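*Asks:* Attaching a single structure in structure tokens format; questions to follow.
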Amino acid sequence: MRLTENKIEDTIRYVVGDDVIKLVKKLRKKENISEFKLADQLKEDIKRVRNKLYRLAEVNLVSFTRKKDKKKGWYIYYWTFKKDQIKFLYSKMKQERLIQLREKLEEEQREQYFICPKKCARLNFDQAVNFEFRCPECTELVSQEDVGSEVKELKKEIKELEKELKKN
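Here the sequence shown stands for residues 1 to 168, numbered as in my numbering.
Rendered as structure tokens:
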């Protein structure tokens with residue numbers, strides 16, 4: 001499976017967070033980059049850069065080697081991005097999304113939903129009974145929602161995800 005730049009970034013955003021994208025772009029260009037060089041290039045505090053690197057290390061997206069500075073006696077860490085791990089995380093992310101969609105589909109088929117004409121709120125049957133079939137926001141009478149299009153859309157998305165996962 002070939003991962004596009006967008007898929008790689010989406011995976012990193014989902015797994016680690018949006019704030020690490022710039023760091024990952026720097027790491028992907030070269031291997032064994034000093035954390036101090038990364039901090040300089042990103043114009044960020046070394047503590048923040050380390051925090052991001054540790055978060056990437058938690059999900060096994062980076063590896064490091066450490067070398068002792070002969071002058072100061074401190075350890076300097078050199079970081080490398082693990083490209084092969086992205087495919088695994090992308091696949092895992094898609095599988096989690098598939099599980100969420102299946103649960104949502106099951107709930108949509110099982111429950112009756114009521115919606116406000118002004119689209120303020122969407123209530124399940126128990127909630128609608130508790131609010132006496134009135135919107136909790138604007139007190140308008142709620143009507144039963146036709147979930148057919150929602151169910152159809154969920155089934156379509158599930159099918160697409162299953163197809164994509166089978167390719168891998």
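Positions of the beta carbon are idealized from the N, C-alpha and C atoms, including for glycine.
All values reported here derive from a predicted model rather than from experimental measurement.
1. Would F81 and V24 qualify as a contact pair, given that the criterion is a beta-carbon distance under 8 Å?
2. Are Y77 and F64 close, meaning C-beta to C-beta below 8 Å?
3. Taking the beta carbon of F125 as the centre, do at least 16 other beta carbons fall within 10 Å, making it buried, or is it exposed?
4. Applying the 10 Å Cβ sphere with the 16-neighbour rule, what's the burial state of C138?
5. My understanding is that L105 touches L161, with C-beta atoms under 8 Å, so please give their C-beta distance in whole angstroms.
6. Excluding five sequence neighbours on each side, which residues of the same chain lie with their C-beta closer than 6 Å to the C-beta of R66?
*Replies:* Result, derived from the coordinates:
1. yes
2. yes
3. exposed
4. exposed
5. L105 to L161, Cβ: 12 Å. No contact.
6. Y75 and Y77
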